[in-house]
Amino acid sequence: MLIMEGSSKWLVYCAGALLVLRFILRNVNWFLYEYKLGGKQYFLPPGDMGWPIIGNMWSFLRAFKTINPESFMDSFYSRYGKTGIYKVLMFGNPSVIVTTPEACKRVLTDDDNFCLGWPRSTVELMGEKSFIAIPFEEHRRLRRLTSASINGYEALSCYIKYIEEVVISSLEKWTTMGDIEFLTQMRKLTFKIIIHIFLGAESEDVMENLEKEYTKLNYGVRAMRINLPGFAFHKALKARKNLLAIFQSVVDKRRNERRERLPGKKAKDMMDALIDVEDENGKKLGDDDVIDIMLMYLNAGHESSGHITTWATYFLQRHPEHFKKAKEEQEKIIRNRPPTQKGLSLAEVRKMEYLSKVVDETLRVVTFSLMVFREAKADVNINGYLIPKGWKVMAWFRSVHLDPEIYPNPKEFNPERWNEVRKAGEFLPFGAGTRLCPGNDLAKLEISVFLHHFLLNYELEQLNPLAPLQFLPHTRPIDNCMARIKKVK
Ligand code: HEM
Numbered sequence: 001m002l003i004m005e006g007s008s009k010w011l012v013y014c015a016g017a018l019l020v021l022r023f024i025l026r027n028v029n030w031f032l033y034e035y036k037l038g039g040k041q042y043f044l045p046p047g048d049m050g051w052p053i054i055g056n057m058w059s060f061l062r063a064f065k066t067i068n069p070e071s072f073m074d075s076f077y078s079r080y081g082k083t084g085i086y087k088v089l090m091f092g093n094p095s096v097i098v099t100t101p102e103a104c105k106r107v108l109t110d111d112d113n114f115c116l117g118w119p120r121s122t123v124e125l126m127g128e129k130s131f132i133a134i135p136f137e138e139h140r141r142l143r144r145l146t147s148a149s150i151n152g153y154e155a156l157s158c159y160i161k162y163i164e165e166v167v168i169s170s171l172e173k174w175t176t177m178g179d180i181e182f183l184t185q186m187r188k189l190t191f192k193i194i195i196h197i198f199l200g201a202e203s204e205d206v207m208e209n210l211e212k213e214y215t216k217l218n219y220g221v222r223a224m225r226i227n228l229p230g231f232a233f234h235k236a237l238k239a240r241k242n243l244l245a246i247f248q249s250v251v252d253k254r255r256n257e258r259r260e261r262l263p264g265k266k267a268k269d270m271m272d273a274l275i276d277v278e279d280e281n282g283k284k285l286g287d288d289d290v291i292d293i294m295l296m297y298l299n300a301g302h303e304s305s306g307h308i309t310t311w312a313t314y315f316l317q318r319h320p321e322h323f324k325k326a327k328e329e330q331e332k333i334i335r336n337r338p339p340t341q342k343g344l345s346l347a348e349v350r351k352m353e354y355l356s357k358v359v360d361e362t363l364r365v366v367t368f369s370l371m372v373f374r375e376a377k378a379d380v381n382i383n384g385y386l387i388p389k390g391w392k393v394m395a396w397f398r399s400v401h402l403d404p405e406i407y408p409n410p411k412e413f414n415p416e417r418w419n420e421v422r423k424a425g426e427f428l429p430f431g432a433g434t435r436l437c438p439g440n441d442l443a444k445l446e447i448s449v450f451l452h453h454f455l456l457n458y459e460l461e462q463l464n465p466l467a468p469l470q471f472l473p474h475t476r477p478i479d480n481c482m483a484r485i486k487k488v489k
């Protein structure tokens, strides 16, 4: 009897101790990040900063491993109401997530109060000299210089022919390859295009190696920053090292060639332009600057377009009614083409009204960049809530694009919903403000050229139509969309 009493007392003590320990652990983050704000802490948005060190990362990663990643934000909505702004601890930083069009737009366009705030791990992988880490003025100068070669009518007209050639030959080749990972092949295709634009054709020999390393790099970008063997971040750091070595050899080769070239000869691609650029004091960029910018551009320029083109094809093939409409539009373009014209023109691409809705709808449903990061430069008030200076802000595009109040039945692929004009901030696949994606027109061009040829002549037969989806680092079928490409007779 006495022994029983003694052991139940112990159980009560243990349960009490566990509760106290839980209470202490749940309040570590409050003590570290909120307590020191003094009275200002009462103006913070609602939310929960999770456990010490890992914060909300565990629940974020867990939700994005299920079939319903929305469960992560839904848990905030159900606990704190639809305020559209929540405090969290993610990627090692006290942060605020904003989920409404107005708040996202405000954060992205207010350069006086917000600067870029990508997590340390992303900066380490993309490079200290890439756009996500260099100072404001330096970014402006290099952005102007580099985006000129991928934006606007003149630049795009230079690439359309090459894009079309690569698309036609790839589609033809895939029909002979049997079962293929459609997404992998598509990423190779978009990589080939971006390499051509940025490095010229000479670097095709290093292409295969580069692409493999980029795949590993990307898996690390949204992973936890754990630099131990076996972890995605560790593998990504190794991939970056290999990429740097490959790019260094490309830069060395280019500098040697330039020494032998006649002075005054025009820059021929982005690498030449970067090597030539001087600041107001005549100072040129070093190899490490050129390499980080190239590394960033080549990454941004192929992963995203490769994924979105794959998804647009996938959706069209699964929705015969949209496929039919999109195909009819392409047939009309061919019918109206002057007999002397060879290949697609930019003017024709701009007339593809229905296809443009297909592309926008794909960008919305998939939301390739589920969120982007900023940092508050000063205490900022949004909707009556405080974002303290130094805290990170995540503009959570996925919640905006999948909000049923903005897009009824949001997970349904329905290009027709683009018959309606959207308000500012409701559609942010390419971001907004000074960091708006400089490759948006190029990406849309690549996707449209591919879909034009696909719709007219091919079909996609998925081998595992029920394959589950994976959402990190980017949404994709887990089998990379195993499929056969068939020519339509
Ligand atoms: C469907 C395709 C694409 C999507 C969905 C996409 C999405 C985005 C988004 C959301 C941002 C803004 C990041 C931020 O606000 O911090 C961005 C920036 C950027 N994108 Fe894209 N992108 C695509 C294609 C491309 C292409 C084809 C290129 C290059 C040729 C490119 C190059 C860049 C660069 C360099 C930045 C950084 C801009 C800066 O910081 O000034 N992107 N992209």
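Numbering-wise, the working numbering puts 68 at position 68 of the sequence shown, and it's gapless, one number per residue.
Each residue gets a CB set at the ideal place from its N, CA and C atoms; glycine is no exception.
In DSSP terms, what residue i is bridged to
i	result
Pro69	Partner(s): none; Pro69 has no beta bridge.
Val98	Ile85, Ala395
Asn93	Met90
Leu386	Asn381
Glu321	Its beta-bridge partners do not exist; DSSP assigns none.
Lys444	According to DSSP, which records beta bridges pairwise, Lys444 is partnered with nothing at all.
Lys284	Glu278
Pro415	Answer by DSSP bridge pairing: none, since Pro415 is not bridged.
Gly47	Lys87
Ala376	Phe114
Gln470	Arg476
Rounded C-alpha distance that separates residue i from residue j
i	j	result
Asp441	Asn151	6 Å
Cys14	Arg22	12 Å
Lys332	Phe413	24 Å
His516	Ala232	There is no way to answer for residue 516, as the model of the chain reaches only from 1 to 489.
Ile97	Leu428	16 Å
Trp396	Ala376	16 Å
Pro338	Glu348	12 Å
Ser149	Arg26	51 Å
Asn409	Gly16	47 Å
Ser448	Glu260	40 Å
Asn256	Ser249	11 Å
Asp48	Met271	46 Å
Ala424	Gly230	43 Å
Pro320	Ala239	41 Å
Ile246	Ile160	28 Å
His307	Phe315	12 Å
Arg62	His474	15 Å
Phe191	Leu445	14 Å
Leu37	Met73	25 Å
Arg528	Val488	Past the edges of the chain, shown from 1 to 489, lies residue 528, and the structure says nothing about it.
heavy atom of the ligand HEM below 8 Å from residue i C-beta
i	result
Ile132	yes
Ile308	yes
Tyr297	yes
Arg398	no
Leu428	yes
Ile54	no
Phe373	yes
Gly230	no
Arg22	no
Arg106	no
Glu446	yes
Pro477	no
His302	yes
Thr434	yes
Thr146	yes
Arg422	no
Terminal residues of the alpha helix (DSSP H) in which residue i lies
i	result
Ser369	Unbroken run through Ser369: none, as it is neither H nor E.
Arg62	57 to 63
Ile195	182 to 199
His474	Looking at the DSSP string, His474 is not in any alpha helix (DSSP H), and its letter there is neither H nor E.
Leu145	136 to 147
Thr122	120 to 126
Tyr159	152 to 175
Ser249	232 to 260
Val221	207 to 221
Element boundaries [beta strand (DSSP E), containing residue i]
i	result
Gln341	From DSSP, Gln341 is part of no beta strand (DSSP E); its letter is neither H nor E.
Asn113	No beta strand (DSSP E) holds Asn113; DSSP gives it neither H nor E.
Ala483	482 to 487
Ile54	Segment: none, Ile54 is in no beta strand (DSSP E) and carries neither H nor E.
Gln462	458 to 462
Distance cut-off 8 Å: residue i Cβ against heavy atoms of the ligand MN
i	result
Asn29	Absent from the structure shown: the ligand MN. Ligands present: the ligand HEM.
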